[in-house]
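The working numbering numbers the first residue of the sequence shown as 2 and each following residue consecutively.
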Amino acid sequence: MRSKLKVFPVVLPLVDVFIVIMITMAFLAINSTQRTINIATPESAVADERKHYYTITVEVDRAGNIYVHGQMLSLDGFREYVQKHMEVPLVLHIDKRLEFQKFVDIVSVLKKVGKRDWAVLVKEKSEDM
């Protein structure tokens, strides 16, 4: 008479697979941060400390690309966006290496649409400069 062999599943290799998957997921979660725009903030002797409950931050990089909520806009697209959000304060986070004419173009858009509550984000200069 034949004896029945009991078969048990080998779980140890599966544990190794799950550990590798968990480590991979943790690594991806840590390294998949939101891409940011590299902007060098200009410095000023007096930094404005205004605080609002909600503001729109407009980022302008060195090349003059305008970003709102991470989405790149043209100058006309920026004009339309500002017109739709006239009641919300606007903060310009502009790279200090930006060509001055592009800065003037952005400010001109704000003035043409009648936007009054906007500011330029600056860092306070240290005393030893």
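Yeah, the Cβ is synthetic: ideal placement off N, Cα and C, and Gly gets one too.
Bear in mind the structure is a predicted one, so any value in this text is a computation, not a measurement.
- In the DSSP assignment, residue 110 falls outside any beta strand (DSSP E) and lies within the alpha helix (DSSP H) extending over 101-114.
- Selection 84, 91, 101 evaluated against residue 62 yields 101 as nearest (Cα-Cα).
- Three or more beta-carbon pairs separated by less than 8 Å link the region 110-120 to the region 86-98, which places the two stretches in contact.
- Distance from residue 105 to residue 83 at the Cβ level is roughly 16 Å; contact not present, criterion being Cβ atoms closer than 8 Å.
- Distance from residue 44 to residue 123 at the Cβ level is roughly 6 Å; contact confirmed, criterion being Cβ atoms closer than 8 Å.
- The residue among 7, 66, 70, 75 with its C-alpha nearest the C-alpha of residue 58 is 70.
- Shown here, residue 5 sits in coil according to DSSP, grouped into three states, outside any helix or strand.
- Residues of the same chain with a CB within less than 7 Å of the CB of residue 99, apart from the 5 flanking positions on each side, are 61, 63, 65 in chain order.
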